[in-house]
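Input: a single structure, listed below in structure tokens.
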Amino acid sequence: MKQYQLIGSFKQLLTMHDLPIKGKLNDDDLFVIENAGIVIRDGLVDTVGNFEQLYKKYKNELESVQELEEELVALPGFIDAHTHICSSGSRARDYAMRNGGKSYLEIAKEGGGIWDTVTKTRVASQEILVEGILRRAKRLIENGITTIEVKSGYGLSVEEEYKMLKSIQLANQKTIADLIPTCLAAHIFPKDYDGSITDYLTEISEKLFPKILTENLSNRIDAFIEQEAFSKEIIAPYFQEAKRMGFDLTVHADQFHTSGSEVAIQFGAVSADHLEASTEKEIELLAKSDVIPVALPGASLGLGCNFTPARKLLDAGASLAIASDWNPGSGPMGDLLTQAAILGAFEKLSNAEVLSALTFRAATALKLHDRGRLEKGKFADIVAFPTDHFNEILYHQGQLKPSQVWKHGTQRR
Ligand SMILES: [Zn+2]
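One gets this note's numbering by counting positions in the sequence shown from 1 and adding 1333 to each.
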């Protein structure tokens, strides 16, 4: 039976094969196949290798051959492990105020900030939210991203968080990208809530968590650990309950003050995201743990503050994923490759480190072991850039766009 599909030849194919989850990487560590082909079966990679040799070997079993006309460098489809693309409304006023000298926390106190987006998202219908997710997902796909994490967190009540998660689930059925939903009901304490912070978190865990499980809306719980959000003491019982119910945990950690990464390590979270304020102590602890640090350069660019200490994390032996944090407040750009290239330039990251942070290390930050490398059995999610060398991709700082994208072996761009 003819059941294989062959795509090629690619000038270069970066498989990301055999690279470690943690620690620093040199470009020499990259496994690059020249004049490469990919053999795909049922949307999964079967073999990679020299195109001509693969053609000869599989000739009689090929259902289709896609011969590429342009010179392309291919790598695993990118994974954006942290976004807030389910939201409504602009925060351009915040942006102007911030650049006019007000701090993030001052703006929040004046009624801007996350609460502003909560107000606008609550009045948006599910249809509007789905449409917004799909519009942003389309742009991400065009930029080579085939898996997108999407958080709730602008509903901040059982009902409104449910609406957000349901919107993400509906959007997931309408986009070719995989949307990975995360419940961020613990984003900030909703100031209209009639009760204490603990009451709020208890209500979420008692009334929303079971619904999330029953309707398969998410298997991930996130919390913003910060002075203006939730303290490590207040979040502990919430995280304990989430763990007991079988959820994976992830944390908005060390963005302005430390303690979030400590919580992430203590509860065995899959990732600790932000880390702009992490010191040597947190870096050491993260390096010793299995928590994946996720840098969000889009937030640093949006807020005009320092970057996550990516170089120090990698040198200490930690892993590193890079995500866009696309959100209407601190991260309006939503251009992952541009942000990753800029972080690489400021933090002195090798191409291998940046590209790993967008592929298999980002997959690990979402606990997804079925994608992020082009090797046997993994998703045939592929992004290809019109160039002859992988060095060109980050050199153009996001301006070199992918010309072709495949999801599960099907061409989508
Ligand atoms: Zn975030």
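Ideal Cβ placement from N, Cα and C applies to all residues, glycine included.
Cβ of L1408 within 9 Å of Cβ of L1347?
Taking 9 Å as the Cβ cut-off, L1408 and L1347 qualify as a contacting pair.
Leaving out five residues before and five after T1641 in sequence, what residues of the same chain have Cβ atoms less than 6 Å from its Cβ?
Excluding residues within five positions, the ones whose Cβ falls inside 6 Å are L1608, E1609, A1628.
In whole angstroms, give me the CA-to-CA distance for G1445 and Y1437.
So the alpha carbons of these two residues sit roughly 9 Å apart.
K1335 CB to nearest chain C CB: under 9 Å?
As a matter of chain content, chain C is missing from the structure shown, which is built from one protein chain.
DSSP-derived helix/strand/coil call for F1364:
Reduced to three states, the DSSP call for F1364 is coil.
Identity of the residue in T1380, T1591, G1601, K1355 nearest A1620 by Cα:
With distances taken between Cα atoms, A1620 lies closest to K1355.
Could you check if D1606 belongs to the surroundings of ligand 1, using beta carbon to heavy atom distance under 8 Å?
Relative to ligand 1, the nearest heavy atom lies less than 8 Å away from the CB of D1606.
Which ranges would you report for the beta strand (DSSP E) in the segment 1480 to 1556 if only whole runs of at least 3 residues count?
Along the segment 1480 to 1556, the beta strand (DSSP E) occurs as fully enclosed runs of 3 or more residues at 1511 to 1519, listed in sequence order.
Short Cβ contact (9 Å threshold) for K1453 with S1485
The answer is no: Cβ separation not under 9 Å.
Between R1431 and the rest of its own chain, which residues show a CB-CB distance below 8 Å, the 5 nearest in sequence each way excluded?
Within the same chain, R1431 has close Cβ partners Y1437, I1440, L1636, G1637.
Touch test, the segment 1549 to 1559 against the segment 1584 to 1601, Cβ-Cβ under 8 Å, three pairs minimum
Yes, since at least three Cβ pairs between the segment 1549 to 1559 and the segment 1584 to 1601 fall closer than 8 Å, the two stretches touch.
So, is T1314 buried or exposed, given that buried needs 16 or more other C-beta atoms within 10 angstroms?
Because the chain here runs from 1334 to 1746, residue 1314 falls outside it and cannot be looked at.
List the residues that DSSP assigns as beta-bridge partners of D1351.
DSSP lists no partner for D1351.
Measure how close the beta-carbons of L1352 and F1712 come, nearest whole angstrom, since I'm counting them as under 8 Å.
That pair is no contact at about 17 Å.
Report the rounded CA-to-CA distance for P1719 versus L1473, giving the unit in angstroms.
For P1719 and L1473, the distance between alpha carbons rounds to 18 Å.
Given the structure, does K1484 come close to ligand 1, in the sense that its CB is under 8 Å from one of the ligand's heavy atoms?
The nearest non-hydrogen atom of ligand 1 is less than 8 Å from the C-beta of K1484.
If I follow the unbroken beta strand (DSSP E) through I1440, where does it start and stop?
Element bounds for I1440: not the beta strand (DSSP E) but the alpha helix (DSSP H), 1437 to 1442.
Using the C-alpha atoms, what's the distance from R1553 back to A1717?
In this structure, the straight-line span from the alpha carbon of A1717 to that of R1553 is close to 30 Å.
With distance defined between alpha-carbon atoms, name the residue in D1413, G1434, R1455 nearest to N1476.
If we check each option's Cα against that of N1476, D1413 comes out closest.
Indicate, with yes or no, if ligand 1 has a heavy atom lying under 8 Å from the CB of D1658.
Yes, Cβ of D1658 sits closer than 8 Å to a heavy atom of ligand 1.
Just list the alpha helix (DSSP H) runs in the segment 1392 to 1445, keeping only unbroken ones of 4 residues or longer that don't cross its boundaries, in chain order.
Listed in chain order, the complete alpha helix (DSSP H) runs (minimum 4 residues) inside the segment 1392 to 1445 are 1425 to 1432, 1437 to 1442.
Does the pairing of the segment 1684 to 1698 with the segment 1489 to 1496 give three or more beta-carbon distances under 8 Å?
In short, these stretches do not touch, since the Cβ pair count stays below three.
N-terminal and C-terminal residue of the beta strand (DSSP E) that I1558 is part of:
Run containing I1558: none; DSSP gives neither H nor E here.
The beta strand (DSSP E) enclosing S1604, as first and last residue numbers:
Unbroken beta strand (DSSP E) run through S1604: 1604 to 1607.
Can you find the residues in the same chain that come closer than 8 Å, C-beta to C-beta, to E1615, ignoring five residues on each side of it along the sequence?
Here E1615 has D1587, T1591, S1594, E1595, L1608 as same chain residues with Cβ atoms under 8 Å from its own Cβ, once five neighbours each way along the sequence are excluded.
Taking the Cβ atom as the reference point for each residue, do L1462 and S1500 lie within a distance shorter than 9 Å?
Yes, Cβ-Cβ distance for L1462 and S1500 is below 9 Å.
Heavy atom of ligand 1 less than 8 Å from the Cβ of L1503, yes or no?
False, no ligand heavy atom lies under 8 Å from that Cβ.
Would you tell me roughly how many angstroms separate the C-alpha atoms of Q1744 and Q1459, rounded to the nearest one?
Each residue's alpha carbon lies about 29 Å from the other.
Determine contact between the segment 1661 to 1678 and the segment 1379 to 1392, defined as no fewer than three beta-carbon pairs at a distance below 8 Å.
Short answer: they don't touch.
Just checking H1729 against ligand 1 - is the residue's beta carbon closer than 8 Å to any of the ligand's heavy atoms?
Between ligand 1 and H1729, a heavy atom-to-CB distance of less than 8 Å is absent.
Consult DSSP for N1724 and reduce its assignment to one of helix, strand or coil.
For N1724, the three-state secondary structure derived from DSSP is helix.
Give me the residue from T1612, F1580, V1483 with the minimum Cα distance to V1603.
For V1603, the closest of T1612, F1580, V1483 by C-alpha to C-alpha distance is F1580.
Inter-residue spacing [alpha-carbon to alpha-carbon] between L1653 and P1626
So the two alpha carbons sit approximately 5 Å from each other.
By Cβ distance, which residues of its chain are closer than 6 Å to K1645, with the 5 residues on each side in sequence left out?
If we look at K1645 and ignore the five residues flanking it on each side, its Cβ neighbours are I1616.
Ignoring anything shorter than 3 residues or poking outside the segment 1681 to 1725, list the beta strand (DSSP E) runs there in chain order.
Entirely contained in the segment 1681 to 1725, the beta strand (DSSP E) runs reaching 3 residues are, in chain order, 1715 to 1718.
Exposed or buried, what is G1601 when buried is set at 16 or more other beta-carbons lying within 10 Å of its beta-carbon?
Per the 10 Å Cβ criterion, exposed.
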